[in-house]
Amino acid sequence: GENVEQHPSTLSVQEGDSAVIKCTYSDSASNYFPWYKQELGKGPQLIIDIRSNVGEKKDQRIAVTLNKTAKHFSLHITETQPEDSAVYFCAATILTGGGNKLTFGTGTQLKVEL
Amino acid sequence: GAVVSQHPSRVICKSGTSVKIECRSLDFQATTMFWYRQFPKKSLMLMATSNEGSKATYEQGVEKDKFLINHASLTLSTLTVTSAHPEDSSFYICSARGFSATVPNEKLFFGSGTQLSVL
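Same order as they appear, the protein sequences are chains A and B. Letter by letter, the first sequence follows residues 1 to 114 of the numbering used here. Letter by letter, the second sequence follows residues 1001 to 1119 of the numbering used here.
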């Protein structure tokens, strides 16, 4: 089955700096890669996603890049703000007509310091 | 984005009692719902997958008689933790994927989670 590794487990940045979180996956058939932000005591919130037919996607300060050959994808947050502090999870799956299951990374605790 | 409502947000119960957690998709029809369990500072662990009108599919190691899942309609799934014990204390999260005019089928949306504490 799919295995997703995520690094780093913790990341501290100064406000205004950029943050990068990296994930690798094992199943070359995976074709959908979402990123979730989870605040303490809350459920994960989808912040951006990318399909395998696209190499990069951007939404304001957030971007995701995908390298299918190397089987890794990354989350980039620019101009970080204190409210970006949270746990971020990457995930991977193979989109099918059925209930495709997401395989999650182990999470990255991002702390944006003033 | 789509909204998934989960209730209750927090529940404390005595050992041996049963607890029901509800998960509703508010603005789209959820063909598939997933239930996760999350321990502190850990990733999400998939417990089961449920499709509307059919029996849930449980992940290996998850007791189906202990964690009863019902997905009776396209907008509601419930998880009942039967005869709860302290080791069942955890954060339970539901998620849903489905379809609507504005919700792509591949996107998975999560509820706000339920913190279960069994005394």
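In this text, a Cβ means the ideal position worked out from N, Cα and C, and glycines have one as well.
* To do: At 9 Å on the CB atoms, spell out the chain B contacts of phenylalanine 33/A, in chain order.
  => For the purposes of this step, residue 33/A is identified with residue 33 of the first sequence, where counting begins at 1. Per Cβ cutoff of 9 Å: no residues; phenylalanine 33/A is ~11 Å from chain B at best.
* Asked: Does glutamine 1006/B have its Cβ less than 8 Å from a Cβ in chain A?
  -> As a position in the second sequence, residue 1006/B is number 6, starting the count at 1. Yes, because at least one Cβ of chain A sits closer than 8 Å to the Cβ of glutamine 1006/B.
* To do: Would you mind telling me which residues of chain A sit closer than 7 Å to glutamate 1106/B, beta carbon to beta carbon, in chain order?
  => Taking the second sequence and counting its residues from 1, one reaches residue 1106/B at position 106. Within chain A, the residues near glutamate 1106/B are Tyr32, Leu95.
* Asked: Of all Cβ atoms in chain A, is any one closer than 8 Å to the Cβ of phenylalanine 1109/B?
  -> Locating residue 1109/B in the second sequence gives position 109, counting from the first residue. Yes, contact with chain A.
* Asked: Do you know whose CA, among Ala1030/B, Glu1063/B, Val1003/B, Thr1031/B, lies nearest leucine 1046/B's CA?
  -> One-based indexing of the second sequence puts residue 1046/B at position 46. For leucine 1046/B, the nearest C-alpha among the options comes from Glu1063/B.
* **Rounded C-alpha distance that separates threonine 1078/B from leucine 1068/B** => As a first step, residue 1078/B is located in the second sequence; it is residue number 78 there, counting from the start. As a first step, residue 1068/B is located in the second sequence; it is residue number 68 there, counting from the start. Rounded to whole angstroms, threonine 1078/B to leucine 1068/B spans 8 Å at the Cα level.
* Using a Cβ-Cβ cut-off of less than 9 Å, list which residues of the stretch 33-61 of chain A approach chain B; keep chain order. => Pro34, Tyr36, Gln38, Gly41, Lys42, Gly43, Pro44, Gln45, Leu46, Asp49, Arg51
* **Test item: CB-CB of threonine 106/A and glutamine 6/A under 8 Å** => Locating residue 106/A in the first sequence gives position 106, where the first residue counts as 1. Locating residue 6/A in the first sequence gives position 6, where the first residue counts as 1. Taking 8 Å as the Cβ cut-off, threonine 106/A and glutamine 6/A qualify as a contacting pair.
* Does DSSP put glutamate 83/A in a helix, in a strand, or in coil? -> Reading the first sequence from its first residue, position 83 is the one you call residue 83/A. If DSSP states are grouped into helix, strand and coil, glutamate 83/A belongs with the helices.
* To do: With threonine 10/A as the anchor, note down where its beta strand (DSSP E) starts and where it stops.
  => The count along the first sequence starts at 1 and reaches residue 10/A at position 10. It spans 10-14 - the beta strand (DSSP E) in which threonine 10/A sits, taken as one unbroken run.
* In angstroms with no decimal places, state the Cα-to-Cα distance between glutamate 83/A and lysine 111/A. => As a first step, residue 83/A is located in the first sequence; it is residue number 83 there, counting from the start. As a first step, residue 111/A is located in the first sequence; it is residue number 111 there, counting from the start. Rounded to the nearest angstrom, the two C-alpha atoms are 9 Å apart.
* Asked: Apart from the five residues on each side of it in sequence, which residues of its chain come closer than 8 Å, Cβ to Cβ, to glutamate 15/A?
  -> Here residue 15/A corresponds to residue number 15 of the first sequence, with the count starting at 1. Closer than 8 Å at the Cβ level, and outside the excluded window around glutamate 15/A, lie Thr80, Gln81, Pro82, Val112, Glu113, Leu114.
* Quick one: does leucine 1119/B have its CB under 8 Å from some CB of chain A? -> Taking the first residue of the second sequence as 1, we reach residue 1119/B at position 119. Not one chain A Cβ lies under 8 Å of leucine 1119/B.
* **Secondary structure of glutamate 1087/B, DSSP reduced to three states** => As a working mapping, residue 1087/B is identified with position 87 in the second sequence. Correct three-state label for glutamate 1087/B: helix.
* To do: Using a threshold of 8 Å, state whether the C-beta atoms of threonine 1114/B and serine 1009/B are closer than that.
  => Along the second sequence, one-based indexing puts residue 1114/B at 114. Along the second sequence, one-based indexing puts residue 1009/B at 9. Yes.
* Rounded C-alpha distance that separates isoleucine 1126/B from threonine 69/A -> Residue 1126/B lies beyond the residue range present for chain B, which begins at 1001 and ends at 1119; the question has no answer from this structure.
* How far does the beta strand (DSSP E) with glutamine 1060/B in it reach, from first residue to last? -> For the purposes of this step, residue 1060/B is taken as residue 60 along the second sequence, with counting starting at 1. That residue, glutamine 1060/B, is in no beta strand (DSSP E); it is neither H nor E in DSSP.
* Taking threonine 1032/B as part of the beta strand (DSSP E), name the residues at either end of that continuous run. => Here residue 1032/B corresponds to residue number 32 of the second sequence, with the count starting at 1. 1029-1038 is the span of the beta strand (DSSP E), which, as asked, contains threonine 1032/B.
* Asked: How would you write the range of the beta strand (DSSP E) that arginine 61/A sits in, first residue to last?
  -> Counting from one through the first sequence, the residue named residue 61/A turns up at place 61. Segment: none, arginine 61/A is in no beta strand (DSSP E) and carries neither H nor E.
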